[in-house]
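Be aware that the sequence shown starts at 166, since it is given in this note's numbering, and climbs by one per residue.
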Amino acid sequence: MIRAIIFSFSLLLLAQCQSQEAKVAATSEEEPTPPKNIILLIGDGMGVTQVTSRFYYGEGEPNFQRFPYIGLIKTSSSRQKITDSAAGATAFSAGVKTYNGAIAVADDTTSVPTIAELVADDLSTGLIATSSIVHATPASFYAHVPARSQYEEIAAQLTTSSVDFFAGGGIQFFIDREDDTNYLDSLTVNGFMIDTAQLQKPASFSMEQKYGFLLAPDGMPKMQEGRGNFLPQATQMALDYLSQDDDGFFLMVEGSQIDWGGHANDAEYIIEEVKDFDKTLGVALDFAERDGNTLVVVTADHETGGFALSSDGSYNDIIGTFSTGGHTPDLIPVFAYGPGAESFAGIYENTGIYDKMVEATGWKSLDSPVASR
Numbered sequence: 166m167i168r169a170i171i172f173s174f175s176l177l178l179l180a181q182c183q184s185q186e187a188k189v190a191a192t193s194e195e196e197p198t199p200p201k202n203i204i205l206l207i208g209d210g211m212g213v214t215q216v217t218s219r220f221y222y223g224e225g226e227p228n229f230q231r232f233p234y235i236g237l238i239k240t241s242s243s244r245q246k247i248t249d250s251a252a253g254a255t256a257f258s259a260g261v262k263t264y265n266g267a268i269a270v271a272d273d274t275t276s277v278p279t280i281a282e283l284v285a286d287d288l289s290t291g292l293i294a295t296s297s298i299v300h301a302t303p304a305s306f307y308a309h310v311p312a313r314s315q316y317e318e319i320a321a322q323l324t325t326s327s328v329d330f331f332a333g334g335g336i337q338f339f340i341d342r343e344d345d346t347n348y349l350d351s352l353t354v355n356g357f358m359i360d361t362a363q364l365q366k367p368a369s370f371s372m373e374q375k376y377g378f379l380l381a382p383d384g385m386p387k388m389q390e391g392r393g394n395f396l397p398q399a400t401q402m403a404l405d406y407l408s409q410d411d412d413g414f415f416l417m418v419e420g421s422q423i424d425w426g427g428h429a430n431d432a433e434y435i436i437e438e439v440k441d442f443d444k445t446l447g448v449a450l451d452f453a454e455r456d457g458n459t460l461v462v463v464t465a466d467h468e469t470g471g472f473a474l475s476s477d478g479s480y481n482d483i484i485g486t487f488s489t490g491g492h493t494p495d496l497i498p499v500f501a502y503g504p505g506a507e508s509f510a511g512i513y514e515n516t517g518i519y520d521k522m523v524e525a526t527g528w529k530s531l532d533s534p535v536a537s538r
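Here it is as structure tokens:
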């Protein structure tokens, strides 16, 4: 009798364990809630050493340290072992490998739809850069040209793009043009409120209006020249605006001049730009933490300068040194936070940034536009 009771109890316990295991398995197989918003921050020319510099320069803990998931990307372009910013940004914006100099066109020069265009009918979009807004990285999210140097054509394409908010430099490409066309007027006709004087939030910051800030003839000033808090403030302004869209948004923010410091072999230039970029990461992460439904991804198109933090005879003294004035083929770090962030761990091609963003959000189910240019 006792054996029978023990046997029955054992069967009951086994059944309960199997039931619990089934529940756990079912729970683990449930689809995670996709993020509604994506903030992609690109530190142009920012390799591991550029990131490391923030841990030795600047006050407080780096915002880089707040990311729970870190990966690495391979950056070669379709024809070159070492990418430039145009091909690198096109990998992020459109998920294709292309040749150096290409702006959102494939290796055969045919236009490819960008993530900003993919979501245009459903979500709001924004672009911010400390370069001109027609420079390679921001341009790769809205324009389609075979050569990144076609700045005037890129500017013309911005006027009819799907972008809702932008901020950066580049006024000259809209008004001081070979064709004598005033494309600031064209931006206004196409729904933009344009400010060329200051980064100031309008009294009425409505989603019924699009906004553009063009605050320098070409690139914005260096941090060393008094740019101030343009990048974090523009990012906060963009978030205040774009987050009004209940359907969600896509925002790309570029710390453009980390790259320029690398080309100049100027360690102080790099360090100050990285500090500014890290402050901007804080703005994005603070928003994402409050929102709870935002994916934040940070990466770079390539490393510039072969930058190293080196000893100058004493292990307590650090100086910046360089191996080149150009780009390098280094693996580039990726930092991710929020829903879907875990997929950004590992080592993968730079086109994986696009793929993982689209997969995490489910935006791949949206109709992909056919680029008309």
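Glycine is no exception: its CB is placed at the ideal position from the N, C-alpha and C atoms.
So, using beta-carbon positions, are residue i and residue j closer together than 8 Å?
i: Leu292; j: Pro303; result: yes
i: Ile203; j: Asp466; result: no
i: Asn515; j: Gly266; result: no
i: Ser276; j: His300; result: no
i: Ser296; j: Thr255; result: no
i: Asn153; j: Pro233; result: Given that the chain is displayed from residue 166 to residue 538, the structure contains no residue 153 and the question cannot be resolved.
i: Phe415; j: Ser408; result: no
i: Thr445; j: Thr400; result: yes
i: Gly427; j: Gly470; result: yes
Count the other CB atoms, across all protein chains shown, that sit within 10 Å of the CB of residue i; report buried if there are 16 or more and exposed otherwise.
i: Pro227; result: buried
i: Glu282; result: buried
i: Met522; result: buried
i: Ile198; result: For clarity, residue 198 is Thr in the given sequence; the question names Ile instead. Exposed is the call here.
i: Arg455; result: exposed
i: Thr274; result: exposed
i: Phe395; result: buried
i: Ile518; result: buried
i: Gly490; result: exposed
i: Glu419; result: buried
i: Gly225; result: exposed
i: Ser193; result: Residue confidence is low: Ser193 scores 44 on pLDDT, short of 50, so the model does not pin down where it sits. Its coordinate-derived value is still stated next. The residue is exposed, with fewer than 16 neighbouring Cβ atoms inside 10 Å.
i: Gln215; result: buried
i: Phe472; result: buried
i: Tyr221; result: exposed
Can you tell me which residues form a DSSP beta bridge with residue i?
i: Asp360; result: Phe378
i: Lys246; result: Per DSSP, none; premise fails for Lys246.
i: Thr459; result: Asn202
i: Leu407; result: Answer is none; Leu407 lacks a bridge partner.
i: Gly511; result: Gly236
i: Phe414; result: Ser289
i: Ile436; result: Paired residue(s): none; Ile436 is not in a bridge.
i: Ile207; result: Glu419 and Thr464
i: Val310; result: Ile268
Establish whether the CB of residue i and some CB of chain C are separated by less than 8 Å.
i: Leu474; result: Absent from the structure is chain C; it holds one protein chain and no more.
Can you give, in chain order, each stretch of the beta strand (DSSP E) that sits fully within the segment 260–298 and has at least 3 residues?
Listed in chain order, they are 289–297.
Starting from the N-terminal side, write out each stretch of the alpha helix (DSSP H) that is 4 residues or longer and does not extend beyond the segment 315–352.
You should have 316–324 and 337–340.
Segments of 3+ residues assigned as beta strand (DSSP E) that fall wholly inside the segment 462–502
Listed in chain order, they are 473–476, 483–486 and 497–502.
Contact between the segment 350–357 and the segment 371–382 is defined here as three or more beta-carbon pairs at a separation below 8 Å; is this criterion met?
For the pair of segments examined, the segment 350–357 was found to touch the segment 371–382: the number of CB pairs separated by less than 8 Å reaches three.
Validate contact between the segment 257–266 and the segment 379–394 using beta carbons, cut 8 Å, 3 pairs:
Because the criterion of three Cβ pairs below 8 Å is not met, the segment 257–266 and the segment 379–394 do not touch.
At least three beta-carbon pairs within less than 8 Å, the segment 237–246 to the segment 492–500
Flag = yes, the segment 237–246 and the segment 492–500 touch.
Specify whether the segment 320–336 and the segment 426–443 touch according to this definition: at least 3 beta carbon pairs, one from each stretch, less than 8 Å apart.
As far as the Cβ criterion goes, the segment 320–336 does not touch the segment 426–443, which means the pair count is below three.
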